[in-house]
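Throughout the sequence shown, residue numbering follows the numbering used here, covering 3 to 325 in sequence. Ideal Cβ positions, reconstructed from N, Cα and C, are used throughout, including at glycine. In this text, all values refer to a predicted model and were calculated from it rather than measured experimentally.
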Amino acid sequence: MLALQSVNADAQTQSDRSPRRVPAHESEKEKMNAWTVGLAGGLLEGAPIRLAAEIARVVDDGPNMHVLPIVTRGATENLNSLLYLRGVDMAIINSDALEEYKIQVPEIRRRIAYLLNLFPSELHIFVRPEIESLQDLVGKKVNFNTQGTAAAYSGPLIFSRLGINVEKTFIPHQIALEQMRKGEMAAVVFITSKPVDAFLRGGWGTGFKFLPVNYESKFEDYYLPAGLEASEYPNLIKQGDRVPTIAVPTVLVAFNWPAQSNRYLRVARFVDYLFSRIDRLQAPGFDAKWKSINLAASVPGLARFSAAQGWLDRQARGGQASR
3 MLALQSVNAD
13 AQTQSDRSPR
23 RVPAHESEKE
33 KMNAWTVGLA
43 GGLLEGAPIR
53 LAAEIARVVD
63 DGPNMHVLPI
73 VTRGATENLN
83 SLLYLRGVDM
93 AIINSDALEE
103 YKIQVPEIRR
113 RIAYLLNLFP
123 SELHIFVRPE
133 IESLQDLVGK
143 KVNFNTQGTA
153 AAYSGPLIFS
163 RLGINVEKTF
173 IPHQIALEQM
183 RKGEMAAVVF
193 ITSKPVDAFL
203 RGGWGTGFKF
213 LPVNYESKFE
223 DYYLPAGLEA
233 SEYPNLIKQG
243 DRVPTIAVPT
253 VLVAFNWPAQ
263 SNRYLRVARF
273 VDYLFSRIDR
283 LQAPGFDAKW
293 KSINLAASVP
303 GLARFSAAQG
313 WLDRQARGGQ
323 ASR
């Protein structure tokens with residue numbers, strides 16, 4: 003036994019003295035992670051995660067750029083993921099998600115920066131025939147879709163700013179719309195990009211309509227003015243009429259990493275790939291929302307990620323030089 007122990011000890015000593023090599027799998031792991039970024043998208047059935055997947059397809063460049071779209075509890079939870087979840091560098095959020103963090107994270111506007119204003123999600127307040135104004139909804143049942151959706155978060159926040167106190171429900175809109183037909187629900191609130199299929203195919207009777215919401219100073223911090231047009235909802239809006247409303251910007255944001263840090267450089271490279279290839283996302287086969295993207299569009303309440311601003315500045319200088 004003593005002899006065996008001596009042999010084993012000698013073997014261990016010899017192993018310690020031999021040069022250590024980095025295993026091949028460790029090298030491959032470092033290579034794969036070097037330019038990989040995590041993007042919090044949202045619920046699997048939502049539009050944001052689809053946009054995240056399309057972004058990942060377009061910017062993919064093997065080991066040079068790799069985006070991981072992440073399914074989360076919803077776009078309204080994505081800001082939480084960006085702040086606290088490991089591996090998340092960017093997120094698709096609704097701009098008014100910042101409201102929730104004003105107290106618990108006072109420096110939120112310094113910790114988050116936007117890369118791109120993706121698209122507006124218009125507020126649709128759809129009501130029964132007997133409802134003529136927002137005030138008529140006071141005390142009545144209004145559905146805001148299921149928890150985790152834009153309507154479930156932004157809807158009550160907007161109604162609070164409007165001073166309209168309703169009986170809030172959070173059930174699937176398909177069920178709520180059927181309850182509306184029976185007179186069991188006064189209104190449903192959608193916050194999504196227009197046009198909405200439920201209103202195009204619904205076969206709604208006379209008197210069902212959208213309520214107007216005027217853009218006022220109370221909405222300037224997070225929202226944008228918008229409108230619902232007769233061309234978008236020909237069965238619900240008379241030709242030539244327009245229903246004013248507001249829109250919640252859907253925004254691609256990043257954690258405001260320190261300049262030149264490893265995570266900052268990853269997001270900066272992502273910006274270069276995405277902005278340089280935005281025309282690919284506007285081609286057939288991708289969501290039609292990409293066609294209306296303006297890379298220079300600003301976002302209320304947030305500063306632009308410095309690498310994104312740098313890319314725009316270089317393009318502007320290049321354009322001036324070419325002229």
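Extent of the continuous beta strand (DSSP E) run through residue i
i	result
ALA115	114 to 129
PHE192	189 to 194
GLY157	Per DSSP, GLY157 belongs to no beta strand (DSSP E); it is in the alpha helix (DSSP H), 152 to 164.
ASN296	Element bounds for ASN296: n/a, residue is neither H nor E.
PHE257	244 to 257
ALA200	Here ALA200 belongs to no beta strand (DSSP E); instead the alpha helix (DSSP H) covers 199 to 202.
ASN145	143 to 145
ASN96	92 to 96
THR148	Segment: none, THR148 is in no beta strand (DSSP E) and carries neither H nor E.
THR171	169 to 171
Residues near residue i by beta carbon distance below 6 angstroms, same chain, minus five either side
i	result
ASN147	ALA153, ALA154 and HIS175
ALA305	ALA115
PRO65	LYS33
THR15	Reliability of the predicted coordinates at THR15 is poor, the pLDDT of 42 falling under 50, and no value is obtained from them.
GLY89	GLY40
Cβ neighbour criterion (16 or more within 10 Å) applied to residue i
i	result
ARG268	buried
ARG112	exposed
ASP130	Here the sequence assigns Arg to residue 130, which means Asp is not the residue at that position. ARG130 comes out buried.
ASP315	exposed
ILE105	exposed
THR208	exposed
SER135	exposed
SER29	exposed
SER300	exposed
ALA318	exposed
Among the options, the one whose alpha carbon lies nearest that of residue i
i	options	result
THR74	MET67, ILE51, ASP63 and GLU56	ILE51
VAL39	ASP63, GLU47, GLY48 and GLN241	ASP63
VAL255	ILE110, MET34, PRO65 and GLU30	ILE110
SER294	PHE307, LEU304, ILE280 and ARG306	ILE280
SER195	ALA189, LEU230 and GLU186	LEU230
LEU226	LEU118, ILE177 and PRO122	PRO122
ASN264	ARG244, ALA36, GLY43 and GLY48	ALA36
ASN237	GLU102, ASP91, ILE248 and PRO197	PRO197
ASN119	TYR235, VAL61, PRO251 and VAL90	PRO251
PHE172	GLY185, GLY157 and GLY165	GLY157
GLY312	SER97, PHE128, ASP199 and SER278	SER278
PHE212	LEU125, LEU46 and PRO108	LEU125
LEU349	ILE193, PRO108, VAL69 and GLU234	For the chain, the structure presents residues 3 to 325; residue 349 sits outside this window and is missing.
LEU159	ALA309, HIS68, GLY320 and ALA99	ALA99
ALA189	LEU117, ASP91, PHE210 and ALA298	PHE210
ALA249	PHE272, ASN216 and ALA298	ASN216
GLY204	ARG183, ASP223 and TYR224	ARG183
Continuous alpha helix (DSSP H) stretch holding residue i: start and end
i	result
PHE277	264 to 278
ARG1	Nothing can be reported for residue 1: it is not among the residues displayed for the chain, which extend from 3 to 325.
LEU230	Premise fails: LEU230 lies in the beta strand (DSSP E), 226 to 231, not in any alpha helix (DSSP H).
TYR86	80 to 86
Residues near residue i by beta carbon distance below 7 angstroms, same chain, minus five either side
i	result
THR151	GLY76
ASP289	ARG52, LEU53 and GLU56
TRP292	LEU283 and GLN284
LYS220	ARG163
GLY242	ALA232
ASN80	ALA42, GLY44, THR74, ALA93, ILE94 and ILE95
MET187	LYS143, ASN145, ALA178 and GLN181
Sequence-distant residues of the same chain with beta carbon closer than 8 angstroms to residue i, five excluded per side
i	result
PRO71	LEU41, GLY43, ILE51, ALA54, ALA55, ILE57 and ALA58
ILE166	LEU136, GLN137, LEU139 and VAL140
GLU169	GLY141, LYS142, LYS143 and VAL144
SER308	ALA115 and ALA261
Any C-beta of chain D under 8 angstroms from that of residue i
i	result
THR252	Note that chain D does not occur in the displayed structure, where there is just one protein chain.
Any alpha helix (DSSP H) of 4 or more consecutive residues that is wholly inside the stretch 28 to 69: Secondary structure remark: continuous alpha helix (DSSP H) runs of at least 4 residues inside the stretch 28 to 69, in chain order: 49 to 61.
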